[in-house]
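Counting the sequence shown from 1 gives a position; this note's numbering is that position plus 12.
Ideal Cβ placement from N, Cα and C applies to all residues, glycine included.
Given the structure is predicted, the values throughout are model-derived calculations rather than measurements.
Working notes, beginning with the structure itself.
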Amino acid sequence: MIDKNEIKFSTKCIHVGNDIDKETGAIRRPITMANSYKLPYDASTLNWSDPNNVIYTRTTSANQLYLQERLAALEGAEDCVVLASGVAALAGVFFTFLDKDSHVICSNVSYIAVYRLLNEYFPKKYGIEATLVDTSNLNEIKRAIRPNTKLIHIETPGNPTTRVSDIEEIAKISKSIGALLSVDSTFASPFLQHPLSLGADLVVHSLTKYINGHGDAMGGAVIGRKELIDKIKAEAMVNVGGAISPFNAWLIMRGVVTLPLRMKQHSESALKIAQFLESYPAVKFVAYPGLKSHPQHEIAKKQMSMYSGVLSFGLKADVETHNKFVNSLKLVISAVSLGHDESLIVYTGPNDERNHFYPEEFKNGHLRFSVGLEDADDIINDLKQAFKKCGL
Ligand SMILES: Cc1ncc(COP(=O)(O)O)c(C=O)c1O
Numbered sequence: 013m014i015d016k017n018e019i020k021f022s023t024k025c026i027h028v029g030n031d032i033d034k035e036t037g038a039i040r041r042p043i044t045m046a047n048s049y050k051l052p053y054d055a056s057t058l059n060w061s062d063p064n065n066v067i068y069t070r071t072t073s074a075n076q077l078y079l080q081e082r083l084a085a086l087e088g089a090e091d092c093v094v095l096a097s098g099v100a101a102l103a104g105v106f107f108t109f110l111d112k113d114s115h116v117i118c119s120n121v122s123y124i125a126v127y128r129l130l131n132e133y134f135p136k137k138y139g140i141e142a143t144l145v146d147t148s149n150l151n152e153i154k155r156a157i158r159p160n161t162k163l164i165h166i167e168t169p170g171n172p173t174t175r176v177s178d179i180e181e182i183a184k185i186s187k188s189i190g191a192l193l194s195v196d197s198t199f200a201s202p203f204l205q206h207p208l209s210l211g212a213d214l215v216v217h218s219l220t221k222y223i224n225g226h227g228d229a230m231g232g233a234v235i236g237r238k239e240l241i242d243k244i245k246a247e248a249m250v251n252v253g254g255a256i257s258p259f260n261a262w263l264i265m266r267g268v269v270t271l272p273l274r275m276k277q278h279s280e281s282a283l284k285i286a287q288f289l290e291s292y293p294a295v296k297f298v299a300y301p302g303l304k305s306h307p308q309h310e311i312a313k314k315q316m317s318m319y320s321g322v323l324s325f326g327l328k329a330d331v332e333t334h335n336k337f338v339n340s341l342k343l344v345i346s347a348v349s350l351g352h353d354e355s356l357i358v359y360t361g362p363n364d365e366r367n368h369f370y371p372e373e374f375k376n377g378h379l380r381f382s383v384g385l386e387d388a389d390d391i392i393n394d395l396k397q398a399f400k401k402c403g404l
C-alpha cells in the first residue's frame with residue numbers, strides 16, 4: 013500500500029481508503045450493506061459504543077471508515093467523522109463543544125440550519141448564548157468575545173452571500189481566547205481551501221455538495237485532530253443516530269475521485285459566467301469571490317486556490333420578473349442544493365427572515381447560482397435567451 017503522506021492531492025482522491033477486496037480480488041472495495049458484523053468469540057470484552065470498530069452500522073460501517081480515511085487525508089488531518097448530512101455534522105460540532113452557559117460566535121449569514129440551531133434552538137432550549145456577527149469584519153468578532161466564548165464558527169465562502177472570512181486571522185483570535193474555530197468549507201471543498209493549515213481546529217463539509225458532486229447522495233463530515241473527532245463520535249454519533257448509509261458513503265467515495273477535475277471546471281466556468289453577468293446591463297449586482305469587485309476578493313485570493321462554482325446575483329427587476337427569468341431557463345434548473353454536475357438556481361424572494369443581515373443589494377431577493385459542469389458557453393446562451401424572454 014502506498015504511503016498516503018507521500019502522494020499528492022489528486023492521487024489521494026483515488027487511492028486513500030481503497031484496497032483490493034480480499035475475498036474476490038476486485039480492485040475496489042465493495043458496498044457492505046449490513047447492519048451488524050460478526051462478534052468476536054468473547055463479546056464481553058467489547059466496547060459496544062466504539063465508533064472505530066465495526067459492530068453495528070450506527071456505531072460505524074466499513075464504508076464509513078474508508079470514506080473517513082480518505083477525507084482526513086484530503087484535509088491533511090488526523091481524523092474525520094462522517095455523518096448522514098452536512099447539518100448532522102454541524103449539529104455534531106455544536107452539541108459536542110457547546111454546553112450550558114457557553115457562548116458561540118457565528119457568521120450572521122450562513123446556511124439556514126446553522127442560523128436556526130444557534131439563533132433559536134440552542135439559546136431557547138439549552139441556555140447557550142450565541143452572537144451572530146459579520147465574520148468578514150475582525151473587529152465585530154473581537155467585540156463579540158465574552159469570558160465564556162467556547163467556539164467561533166464561520167462559513168467561508170458563505171451561503172448565499174459568498175462572503176469570505178479570513179481564516180488565518182480569525183484562528184489567531186480564537187487561539188488567543190482558548191476557543192475552538194470551526195470552518196464550514198463546503199463551498200470551497202478540500203481542493204480549493206485548507207482551513208486546518210491556516211489554524212482552524214475543525215473543518216466541516218456537506219458532502220452532499222462538491223465532494224460527492226453528482227447530486228445523488230447526502231452526507232456530512234467533520235475533520236480535525238483525533239481528540240476532537242473522538243469526542244464528536246462519542247457524543248454526537250453513536251448515541252444520537254445520524255449514521256450515514258453505507259451506500260451513500262460508497263457513492264461519495266466514488267464522487268471524490270474526480271473532485272480536482274470538477275473543481276477546476278466549476279471554478280473556470282463560474283468566473284466566466286460571473287464576468288458575463290457583471291457586464292450585462294440588466295444585472296444589478298454579482299457576488300463571486302473571484303471577481304475583483306467582490307469586497308473580500310483579496311482575502312479569497314490569499315486563502316483559496318480558485319473560487320469555486322457558486323455565485324449570487326440580482327436583476328434590475330421586480331419579484332415577478334425574477335420568477336419569470338428562473339422559469340425561462342431551459343438548461344439551468346430551478347432547484348435547491350449546489351455543487352452538482354448540473355447547474356442549479358434558486359430565487360429566494362425578498363421575504364427572507366434574515367433580510368436585515370444581508371448586504372443591501374441582496375435585500376430585494378437574490379438568485380443563488382451553482383454553476384455546473386455543462387459547457388460555459390451553453391450556460392451563457394441559456395441565460396441570454398431567458399433575459400430576452402423577460403425583456404431584459
Ligand atoms: C455551506 C453549507 N453547509 C451545510 C449545508 C447543509 O448540508 P446538508 O444539506 O448536506 O445537510 C449546506 C446545504 O446547502 C451548505 O450550503
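Residue i: CB within 6 Å of a non-hydrogen atom of ligand 1
i: Val322; result: no
i: Met230; result: yes
i: Ser218; result: yes
i: Ser177; result: no
i: Thr198; result: yes
i: Tyr123; result: yes
i: Gly37; result: no
i: Gly384; result: no
i: Asn131; result: no
i: Val28; result: no
i: Val338; result: no
i: Ser97; result: yes
i: Asn171; result: yes
Pairwise C-alpha distance: residue j and residue i
i: Ala101; j: Gly403; result: 44 Å
i: Tyr133; j: Ile19; result: 43 Å
i: Leu271; j: Asp330; result: 38 Å
i: Asn339; j: Val358; result: 10 Å
i: Pro63; j: Glu81; result: 14 Å
i: Val252; j: His165; result: 22 Å
i: Ala89; j: Gln287; result: 36 Å
i: Asp394; j: Leu144; result: 38 Å
i: Leu222; j: Ser320; result: The residue asked about is misnamed: residue 222 is Tyr in this sequence, not Leu. Their backbone Cα atoms lie some 9 Å apart in a straight line.
i: Asp178; j: Trp60; result: 41 Å
i: Arg366; j: Phe203; result: 30 Å
i: Ile182; j: Pro169; result: 14 Å
i: Ile32; j: Pro42; result: 10 Å
Under the three-state DSSP convention, the category residue i falls into
i: Tyr138; result: helix
i: His165; result: strand
i: Cys25; result: helix
i: Ser382; result: strand
i: Leu303; result: coil
i: Ile392; result: helix
i: Phe374; result: helix
i: Phe199; result: coil
i: His115; result: strand
i: Asp31; result: coil
i: Val93; result: strand
i: Lys143; result: Per the sequence shown, residue 143 should be read as Thr rather than Lys. It is a strand residue.
i: Lys243; result: helix
i: Lys20; result: coil
i: Lys221; result: coil
i: Lys313; result: helix
i: Lys296; result: strand
Residue range of the unbroken alpha helix (DSSP H) whose run includes residue i
i: Ile235; result: Premise fails: Ile235 lies in the beta strand (DSSP E), Gly232 to Gly236, not in any alpha helix (DSSP H).
i: Leu193; result: From DSSP, Leu193 is part of no alpha helix (DSSP H) but of the beta strand (DSSP E) over Leu192 to Asp196.
i: Val331; result: Val331 to Ser340
i: Gly326; result: Careful: Gly326 lies outside any alpha helix (DSSP H), inside the beta strand (DSSP E) at Val322 to Leu327.
i: Ile179; result: Ile179 to Ser188
i: Leu350; result: Where Leu350 is concerned, there is no enclosing alpha helix (DSSP H), given that its DSSP letter is neither H nor E.
i: Leu263; result: Pro258 to Val268
i: Phe106; result: Gly98 to Phe109
i: Arg175; result: First-last for Arg175: undefined, no H or E at that position.
i: Val153; result: Here the sequence assigns Ile to residue 153, which means Val is not the residue at that position. First-last of the alpha helix (DSSP H) with Ile153: Leu150 to Ala156.
Enclosing beta strand (DSSP E) for residue i [first to last residue]
i: Ala38; result: Run containing Ala38: none; DSSP gives neither H nor E here.
i: Ser291; result: Counting along the chain, Ser291 falls outside any beta strand (DSSP E), though it belongs to the alpha helix (DSSP H) covering Leu271 to Ser291.
i: His217; result: Leu214 to Ser218
i: Ile43; result: Premise fails: Ile43 is in no beta strand (DSSP E) and is neither H nor E.
i: Leu356; result: Leu356 to Tyr359
Spatially closest choice to residue i from the options, by CA coordinates
i: Asn224; options: Asp364, Leu395 and Ser349; result: Ser349
i: Ser279; options: Tyr300, Phe259, Val268 and Leu263; result: Tyr300
i: Ile264; options: Ser122, Phe21, Asp15 and Cys25; result: Cys25
i: Val121; options: Glu247, Leu273, Ala282 and Glu167; result: Glu167
i: Lys162; options: Ala183, Val176, Pro135 and Leu193; result: Leu193
i: Ala208; options: Ile140, Pro307, Gly321 and Met316; result: The residue asked about is misnamed: residue 208 is Leu in this sequence, not Ala. The shortest C-alpha separation from Leu208 is found at Met316.
i: Leu86; options: Ala55, Gly227 and Thr23; result: Thr23
i: Thr333; options: Phe399, Leu129, Asp15 and Pro258; result: Phe399
i: His290; options: Phe259, Glu181, Leu327 and Asn171; result: One detail in the question is off: residue 290 reads as Glu in this sequence, not His. Of Phe259, Glu181, Leu327 and Asn171, the residue nearest in Cα terms is Leu327.
i: Lys314; options: Arg41, His206 and Val66; result: His206
i: Glu354; options: Phe374, Cys118, Phe337 and Asp387; result: Asp387
Near ligand 3: residue i beta-carbon under 6 Å from a heavy atom
i: Gly254; result: Among the ligands present in this structure, namely ligand 1, ligand 3 is not found.
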